[in-house]
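Here the sequence shown is numbered in my numbering, starting from 440 and rising by one per residue. Glycine is no exception: its CB is placed at the ideal position from the N, C-alpha and C atoms.
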Amino acid sequence: MSETPVFDSVDRLDCRLVQHDWAFAQREAQRIERHWAARRAVSPALYDGPVLLASRVAIETENGRRVLKIEAFETRFSLFLAWRDFGWPDRSVFNCFSAPAVRSSDGAYLLGEMAPGHSAEGQRYFPAGTPDPDDVAADGSVDLLGNLWRELREETGLDAAEGVAADGFTVIYDRQRIACVKRIDWPAPAQEIVARVRAFLAAEAEPELCDVHFLAPGRYDDPRLPSFVSAFLAQAAETG
């Protein structure tokens with residue numbers, strides 16, 4: 440996978456749960472356990488819950504529509520965190536997730552700032568999360584669009600019904616991250632949305648975010664921005 444984020448676009452996502460024996464988890468079990476203990480010592484609130492990663496991702500055409508086909512498998516957060524922190528040593532696995540790019544009426548994009556004690560403390564990103572078993576239906580399908588709306592609501596208090604979602608997804612390949620970004624036009628200026636979300640965060644007992652910010656499209660050299668977010672904002676400045 441390229442070190443520079445690569446863009447594509449699809450009409451829809453088709454994600455399904457599969458069984459997968461993750462060799463990395465078995466091979467590095469002791470190292471992963473030590474890493475988790477060290478991370479927990481610094482951030483005791485970290486929870487080793489189940490998450491979904493992808494063992495296969497490919498774009499296929501169905502009835503003239505481009506579909507991102509994803510095979511997801513269940514693992515533990517501690518394994519995902521070690522894999523990420525070790526520099527993605529298994530390049531056959533991907534962190535594939537959906538993300539909302541909320542665009543204010545005055546043209547800026549909403550970013551959440553991860554609260555202290557979380558695994559990516561201080562990072563500013565589109566309010567999103569790694570899919571988990573709550574997103575899996577009885578037939579084994581994984582609702583990544585539903586995950587997008589759920590994470591947006593849980594992290595910011597914003598409701599899907601208020602925004603106008605663009606068709607399809609912008610897919611950003613960023614090393615082992617695959618971000619499936621959906622632009623959502625919000626009928627309010629950035630200042631108004633920020634005030635609303637900050638009020639929501641202040642009322643939460645344990646919010647995932649400590650603050651929210653808006654950035655206009657452009658090029659940013661900011662280590663707090665994941666590279667796929669920086670790439671999206673740069674492309675938005677060129678394409679509108």
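For residue i and residue j, I'd like the C-alpha separation in whole angstroms.
i    : j    : result
P656 : W625 : 16 Å
G579 : R614 : 27 Å
A468 : A600 : 44 Å
P483 : D650 : 21 Å
L648 : L654 : 17 Å
G404 : Q630 : Residue 404 lies beyond the residue range present for the chain, which begins at 440 and ends at 679; the question has no answer from this structure.
R504 : V449 : 8 Å
C619 : P662 : 21 Å
G526 : D447 : 24 Å
L456 : W522 : 20 Å
R589 : G561 : 22 Å
S531 : A559 : 23 Å
R479 : D545 : 41 Å
R616 : A547 : 24 Å
N586 : R473 : 31 Å
T500 : A638 : 44 Å
A634 : D460 : 46 Å
V581 : G607 : 17 Å
Mind checking residue i: buried by the 16 CB within 10 Å criterion, or exposed?
i    : result
D574 : buried
A380 : As displayed, the chain neither begins before 440 nor continues past 679, which places residue 380 out of reach and without an answer.
N502 : exposed
T678 : exposed
P570 : buried
R470 : exposed
I498 : exposed
E643 : exposed
P566 : buried
Y486 : exposed
A676 : exposed
A554 : buried
Excluding five sequence neighbours on each side, which residues of the same chain lie with their C-beta closer than 6 Å to the C-beta of residue i?
i    : result
I623 : P539, V541, G602, A604
G556 : S482, A484
P628 : S543, S544, D545
W475 : S517
Cβ-heavy atom distance between residue i and the ligand HEM below 6 Å?
i    : result
F671 : Ligands in the displayed structure: none, and consequently the ligand HEM is not present.
Going by beta carbon distance, what residues of the same chain come within less than 7 Å of residue i, once the five residues before and after it are set aside?
i    : result
L640 : P646, L648
Y659 : S669, L672
Pull up the CB-CB distance for residue i and residue j, whole angstroms please, since I reckon it's below 8 Å.
i    : j    : result
L597 : V636 : 7 Å
G551 : E593 : No, G551 and E593 are not in contact; Cβ-Cβ is about 11 Å, not under 8 Å.
P444 : Y564 : About 14 Å; that fails the 8 Å criterion.
Go through its chain and collect everything with a Cβ distance to residue i's Cβ below 8 Å, but skip five positions before and after it.
i    : result
L452 : V506, L507, I509, S537, L583, L584, F608, C619
**Request:** Say whether the stretch 459-468 touches the stretch 502-521, bearing in mind that this needs 3 or more beta-carbon pairs closer than 8 Å, one atom from each stretch.
**Result:** The stretch 459-468 is in contact with the stretch 502-521.
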